[in-house]
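**Student:**
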Amino acid sequence: MPIERASTADRAFLAMEGGGRAEQIGVALVLEPGPHGPDVATLTRLVGERLTAVPRLRQRLVPTPWGCGGPIWVDDARFDVRRHVRHVACPPPGDERAFLDTVVSVVAEPVPAEAPLWSAAVVTGRADGATSLVVVLHHVLADGVGGLAVLAALVDPGGSAPAQPFPRERPAARELALDAGRTHLRSLGRGAWWLRQVRRSFAAAGGLAPPRAAPCSLLQPTGPGRAIGVVAVDGRALREAAHRFGATGNDAVLAAVAGALHRVLRGRGEAVDAVVIAVPVSGRRSDDDASLGNLVSPMLVTVPTAGDARSRLLAVAGQVRRHRSDASGPPPIALLGGLFRPLAALGGFRWYMRHQQRLHTLVSHVRGPEEPVRLAGHRVRAAVPVALSESGNITAYFEVLSYAGTVTITAIVDPDHVPDLDVLLAGLGDELDMLAGLEQ
1133 MPIERASTAD
1143 RAFLAMEGGG
1153 RAEQIGVALV
1163 LEPGPHGPDV
1173 ATLTRLVGER
1183 LTAVPRLRQR
1193 LVPTPWGCGG
1203 PIWVDDARFD
1213 VRRHVRHVAC
1223 PPPGDERAFL
1233 DTVVSVVAEP
1243 VPAEAPLWSA
1253 AVVTGRADGA
1263 TSLVVVLHHV
1273 LADGVGGLAV
1283 LAALVDPGGS
1293 APAQPFPRER
1303 PAARELALDA
1313 GRTHLRSLGR
1323 GAWWLRQVRR
1333 SFAAAGGLAP
1343 PRAAPCSLLQ
1353 PTGPGRAIGV
1363 VAVDGRALRE
1373 AAHRFGATGN
1383 DAVLAAVAGA
1393 LHRVLRGRGE
1403 AVDAVVIAVP
1413 VSGRRSDDDA
1423 SLGNLVSPML
1433 VTVPTAGDAR
1443 SRLLAVAGQV
1453 RRHRSDASGP
1463 PPIALLGGLF
1473 RPLAALGGFR
1483 WYMRHQQRLH
1493 TLVSHVRGPE
1503 EPVRLAGHRV
1513 RAAVPVALSE
1523 SGNITAYFEV
1533 LSYAGTVTIT
1543 AIVDPDHVPD
1553 LDVLLAGLGD
1563 ELDMLAGLEQ
């Protein structure tokens, strides 16, 4: 049988936890309310039936014997969907704030390490009667684009399951050792390729010694708490306005985030000349389930705060065009995995993130279905993305999901350091409206 190993990037994400917060991503699918909404049992059954289309959802990540290479994915013979899907009631009054707080608590709950690395919650109790399915994936299982492949298999009509027995036998130690040896031999002749990739990856991420991000209150060691707020905008209007200036909808979102953060800082009596944003760039050529795992590299974009929304958009578009191709290969944490993993396991990554001066925030944008999808026969009216990780000293970051003509931006903040979340959301909405209305 084929040997499925965790990639070097996947293993880096495991090491990054280092005893801290679990690296998990999630999305809340909000269903259109109706008189006969799907109940918990129905949604649990559907998830159980449809997850067979994504074999990784019934696999565990296990270590191998010494000399047999990195950890492998194996079928979980004890898999039971009821261990992964649960019911969560949104507390009174069931408004948007109560719902978003519930979503954060669901995504923050660590998935069990001894089972397939995902979970889901059916959330009921919203004041408007809507039922939601919140799907949570550990980052080692999938990045944002891979997560969309999982969701595509779960919504109606479901994905097609591969014809294979379950559970399959684990590879024998001899097979693993031979496979590890072949991989090692192949790597010996790739030194020049590795050096080129390291140069490209670090160039996109600002180089080995990038200019320091301006000190400000956006950079403070974060605590355990997280709060989220959501802003939605007409994706078509935003994209068309951006195209008039040779930019993309993604560029417009980055310009809006920088403008909103600038407003927050001004309200605090602070000012910076530029906001530095990290943008994960996918190296994935398809979003099918065969390519789950992590295939993203960071790109740094420096957005000047002086000038209007148009000037910020042009500055972003120019930088993205120059550096995007450099960020399309393996990330630095994967290329330097043999050094990164032991240092991260000892807490080195957490220390660095709490003291870094490379960036002010992170914006991750994933493009979902352009047409509305349905789950259990009910239209998915909204999809809210959330990601929780070891944010170090980054007090606010953003997850973006385009779905059915709407761009949904989730601001994720440490509430102790960002008590003005409402100011941030209002500024983000204003900036997006300005950008969507730009004319030549």
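All residue numbers for the sequence shown refer to the numbering used here, where the first residue is 1133 and numbers rise by one. Beta carbons are placed, not taken as given, at the ideal position from N, Cα and C, and that holds for glycine.
I think LEU1249 touches VAL1282, with their Cβ atoms under 8 Å apart; what is that distance to the nearest whole Å?
**Tutor:** Not really, about 11 Å apart at Cβ, beyond 8 Å.
**Student:** Classify THR1573 as helix, strand or coil using the three-state DSSP reduction.
**Tutor:** Outside the displayed span of the chain (1133 to 1572) sits residue 1573, for which this structure offers no information.
**Student:** Within 10 angstroms of its Cβ, does ARG1444 collect 16 or more other Cβ (buried), or is it exposed?
**Tutor:** Buried, because 16 or more other Cβ atoms sit within 10 Å of the Cβ of ARG1444.
**Student:** List in chain order: all unbroken beta strand (DSSP E) runs of 3+ residues lying wholly within the segment 1144-1183.
**Tutor:** Within the segment 1144-1183, the complete beta strand (DSSP E) runs of at least 3 residues are 1156-1163.
**Student:** Tell me, please, whether the segment 1499-1516 touches the segment 1285-1293 by the rule of three or more beta-carbon pairs shorter than 8 Å.
**Tutor:** Verdict: yes, contact present.
**Student:** Can you tell me whether DSSP reads SER1496 as helix, strand or coil?
**Tutor:** It is a strand residue.
**Student:** Can you give the Cα-Cα distance for THR1437 and ARG1331, rounded to whole angstroms?
**Tutor:** So the alpha carbons of these two residues sit roughly 29 Å apart.
**Student:** For THR1196, which option in ARG1302, LEU1175 and HIS1455 has the closest C-alpha, if you only look at C-alpha atoms?
**Tutor:** Per the Cα distances, ARG1302.
**Student:** In angstroms, rounded to a whole number, what distance separates the CA positions of LEU1232 and GLY1361?
**Tutor:** Distance between the alpha carbons of LEU1232 and GLY1361: 7 Å.
**Student:** Tell whether a beta-carbon distance below 7 Å holds between VAL1407 and ALA1390.
**Tutor:** Going by C-beta atoms, VAL1407 is nearer than 7 Å to ALA1390.
**Student:** Measuring only the C-alpha atoms, how far is ARG1368 from THR1315?
**Tutor:** Using only the alpha carbons, I get a separation of about 45 Å.
**Student:** Which one of HIS1492, LEU1320 and ALA1384 has the shortest CA to CA distance from ALA1568?
**Tutor:** Comparing Cα-Cα distances from ALA1568 to each of HIS1492, LEU1320 and ALA1384, the minimum goes to ALA1384.
**Student:** Please specify which runs of the beta strand (DSSP E), each continuous and at least 3 residues long, are wholly inside the segment 1325-1376, giving them in chain order.
**Tutor:** Fully enclosed beta strand (DSSP E) runs of 3 or longer: 1359-1366.
**Student:** Along the alpha helix (DSSP H) that carries HIS1455, what are the first and last residues, could you check?
**Tutor:** Per DSSP, HIS1455 belongs to the alpha helix (DSSP H) from 1441-1455.
**Student:** Would you kindly work out how many angstroms separate the C-alpha atoms of PRO1297 and VAL1194, rounded to a whole number?
**Tutor:** PRO1297 and VAL1194: Cα-Cα distance of roughly 20 Å.
**Student:** Answer with buried or exposed for GLY1401, where buried requires no fewer than 16 other C-beta atoms within 10 angstroms of its C-beta.
**Tutor:** By the neighbour-count rule (16 or more Cβ atoms within 10 Å), GLY1401 is not buried but exposed.
**Student:** Mind pulling the beta strand (DSSP E) runs of 3 or more residues that sit fully within the segment 1483-1533?
**Tutor:** Listed in chain order, they are 1493-1499 and 1510-1520.
**Student:** Report the option in SER1496, ALA1410 and ARG1482 whose CA atom is closest to the CA atom of GLU1522.
**Tutor:** The shortest C-alpha separation from GLU1522 is found at ARG1482.
**Student:** Quick check: what's the CA-CA separation for GLY1399 versus GLY1313?
**Tutor:** GLY1399 and GLY1313: Cα-Cα distance of roughly 58 Å.
**Student:** Roughly how many angstroms separate the alpha carbons of GLN1329 and GLY1338, rounded to a whole number?
**Tutor:** Taking the straight line joining both Cα atoms gives about 14 Å.
**Student:** Which runs of the beta strand (DSSP E) spanning at least 3 residues fall entirely within the segment 1205-1289, listed in chain order?
**Tutor:** Correct list: 1217-1221, 1250-1256 and 1264-1270.
**Student:** Taking the CB atoms as reference points, tell me whether SER1251 and VAL1243 lie closer together than 7 Å.
**Tutor:** Closer than 7 Å, so yes.
**Student:** So, for GLN1191: in the same chain, excluding its five sequence neighbours on each side, which residues have a beta-carbon less than 7 Å away from its beta-carbon?
**Tutor:** So the list reads TRP1205, VAL1206, ASP1207, ASP1208 and PRO1248, once near-sequence residues are dropped.
**Student:** Count the other CB atoms, across all protein chains shown, that sit within 10 Å of the CB of ASP1275; report buried if there are 16 or more and exposed otherwise.
**Tutor:** So ASP1275 ends up on the buried side.
**Student:** Under 7 Å, do ALA1189 and ALA1515 count as touching if we go by C-beta distance?
**Tutor:** Inspection of the sequence shows that residue 1189 is occupied by Leu rather than by Ala. No, Cβ-Cβ distance for LEU1189 and ALA1515 is not below 7 Å.
**Student:** Just checking, does the segment 1175-1186 make contact with the segment 1543-1550 on the three C-beta pairs under 8 Å criterion?
**Tutor:** No, because fewer than three Cβ pairs between the segment 1175-1186 and the segment 1543-1550 fall closer than 8 Å, the two stretches do not touch.
**Student:** SER1237: buried (16+ other C-beta within 10 angstroms of its C-beta) or exposed?
**Tutor:** Counting Cβ neighbours within 10 Å, SER1237 comes out exposed, since fewer than 16 surround it.
**Student:** Classify LEU1564: buried if its beta carbon has 16 or more other beta carbons within 10 angstroms, exposed otherwise.
**Tutor:** LEU1564 is buried by the Cβ-count criterion.
**Student:** Taking LEU1468 as the reference, which of LEU1280, ARG1513, ALA1141 and ARG1229 has the closest Cα?
**Tutor:** Selected option, being the one with the closest Cα: ALA1141.
**Student:** I'd like the list of long-range same chain contacts for ALA1230, defined as Cβ closer than 6 Å, with 5 residues on each side in sequence excluded.
**Tutor:** Result list for ALA1230: CYS1222 and PRO1223, in chain order.
**Student:** For THR1527 and LEU1491, I'd like the C-alpha separation in whole angstroms.
**Tutor:** Answer to the nearest angstrom: the Cα atoms are 11 Å apart.
**Student:** Hey, how far is the Cα of ALA1259 from the Cα of VAL1235?
**Tutor:** Going from the Cα of ALA1259 to the Cα of VAL1235 covers about 15 Å.
**Student:** Just verifying my parser: in three-state terms, what is the DSSP assignment at SER1319?
**Tutor:** Looking at SER1319 - three-state DSSP - the assignment turns out to be helix.
**Student:** Measuring CA to CA, which of ARG1442, LEU1397, LEU1340 and ASN1525 is closest to LEU1432?
**Tutor:** Of the candidates ARG1442, LEU1397, LEU1340 and ASN1525, the one whose C-alpha sits nearest the C-alpha of LEU1432 is LEU1340.
**Student:** Going by beta-carbon coordinates alone, are GLY1500 and TYR1535 separated by less than 7 Å?
**Tutor:** Yes, the pair counts as a contact, with Cβ atoms nearer than the cut-off.
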